[in-house]
Structures are given as C-alpha cells and as structure tokens.
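Numbering follows the working numbering, in which position 82 of the sequence shown is assigned residue number 393; successive positions increment by one, without gaps. For glycine and all other residues, C-beta sits at the position ideal for the given N, C-alpha and C. As the structure is a computational prediction, the values presented were derived from the model and not from experiment.
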Amino acid sequence: MPVSATQLEERTQDSSELLEGIMPSAITFAMMLRHKTMSAWLRAEFDGYENADAALPYRRGLPGHIVANSPQYGWIPAPVNPQQTTDFGRLDLTEGVKDLEEFCLTSKKGNGKRIQLNKEVTAVLQKQINLSAELAINVSREEYSKIRELPTLNQRF
Numbered sequence: 312m313p314v315s316a317t318q319l320e321e322r323t324q325d326s327s328e329l330l331e332g333i334m335p336s337a338i339t340f341a342m343m344l345r346h347k348t349m350s351a352w353l354r355a356e357f358d359g360y361e362n363a364d365a366a367l368p369y370r371r372g373l374p375g376h377i378v379a380n381s382p383q384y385g386w387i388p389a390p391v392n393p394q395q396t397t398d399f400g401r402l403d404l405t406e407g408v409k410d411l412e413e414f415c416l417t418s419k420k421g422n423g424k425r426i427q428l429n430k431e432v433t434a435v436l437q438k439q440i441n442l443s444a445e446l447a448i449n450v451s452r453e454e455y456s457k458i459r460e461l462p463t464l465n466q467r468f
C-alpha cells in the first residue's frame, strides 16, 4: 500500500511512533517520487554508515568527555586539558537509526554512552597525562538525540 505525504507527516508527529518504523515508509516514498538522493540518504541513516568518512558532517566530531576507569571510584573524568579534549574527546557516530533510538529510549536523561578509545589513542593520551587507567569517551544522550532527530525533521519538509 503506497504511503502518502500526509500519512508520513502524521507519523513523524506521533510521539508513540518510533523512527525505525517510519523510515522504511519514508524510503519507499522517496523512491516512489524518484528522489534518489533522499532515498539514499534515508537508507544510509537507517542502516548506519560503513565508516566515519562515509558519514555526513553532523555525525562527525561529536563532543564527548574523556573518562578514566578508576579501580576505587569507577569511571571518573580524566585529568585532561582543553587541548587534549579537543584532540581526543570527539567521536564519529556511524550507527544506524535503530541503534541510536534504542540508546536514547533505554538510557535515562543525563546519561551518556561510554565508548572505548582505540589502543593507539589510549597509549598516546595515557603517556601525555601520565595515567595507566583504561580511557574512554562518554558521549551524552543529548548528542545522540540530536542525531536521531535529524531524519524526522527532514521527513517533515
């Protein structure tokens, strides 16, 4: 059954409707209109990006906080200076809409997602701050929510 623009718009405004359920209809609608650019973008957002280079600019370099795993206190802010935060405290999100939405729905307001730094970056940063603890980037739920909202906003126009 073909979807109309009005039906699609209503679904984007319904707070009980999940984005992962709307996007296949939006992709189909864009293909029906022969809008290849829009359907390709929606498909990439839905499935996720292969790597950071394929991701669009709004998914790259998202700000995070560098945290260290203390045996005594658990995850705490790492003792880094602003330049180290600029150099190492940014992350590219390549996950698909389903993963982004699932994180936003299951985490509480104010929480973030902790993502391990790769070994090379960890080694460089550990040497700079003279710390041997495990390091990660904590990206806030709000940053994930901003990414998740973009396809919905674009479908409304």
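Query, Result
"Below 9 Å between beta carbons: does that hold for Phe495 and Pro335?", "Lying outside 312 to 468, the shown extent of the chain, residue 495 is not represented and no answer is given."
"Mark Ala447 as exposed unless 16 or more other C-beta atoms lie within 10 angstroms of its C-beta, in which case mark it buried.", "buried"
"Indicate whether Asn373 and Ile458 have their beta-carbon atoms separated by less than 9 Å.", "Checking the displayed sequence, the identity of residue 373 turns out to be Leu instead of Asn. Yes, these two residues count as a Cβ contact at 9 Å."
"Need the endpoints of the alpha helix (DSSP H) that Arg322 sits in, please.", "Ala316 to Gln324"
"Which whole runs of the beta strand (DSSP E) in the region 346-385 are 3 residues long or more, in chain order?", "376-381"
"Ser456 by DSSP, collapsed to three states: which one?", "helix"
"Quick one: using the 10 Å Cβ neighbour count with 16 as the cut-off for buried, is Ala351 buried or exposed?", "exposed"
"Short check: CB of Leu416 to CB of Val450, under 9 Å?", "no"
"Give every residue of the same chain whose Cβ lies closer than 8 Å to the Cβ of Arg362, excluding the five residues on either side of it in the sequence, and list them in chain order.", "Looking at the sequence itself, residue 362 is Asn, so the reference to Arg does not match. Excluding residues within five positions, the ones whose Cβ falls inside 8 Å are Thr405."
"To the nearest angstrom, how far is the alpha carbon of Arg354 from that of Lys347?", "10 Å"
"Between which two residues does the alpha helix (DSSP H) harbouring Ala341 extend?", "Leu330 to Met343"
"On the DSSP letters alone, give me the boundaries of the beta strand (DSSP E) that Leu446 sits inside.", "Leu446 to Ser451"
"Could you round the C-beta distance between Gly359 and Gly407 to whole angstroms and report it? I think they count as a contact, below 8 Å.", "3 Å"
"Give me the Cα-Cα distance between Val435 and Asn429, rounded to the nearest whole angstrom.", "10 Å"
"What are the residues that DSSP puts in a beta bridge with Leu402?", "Leu373"
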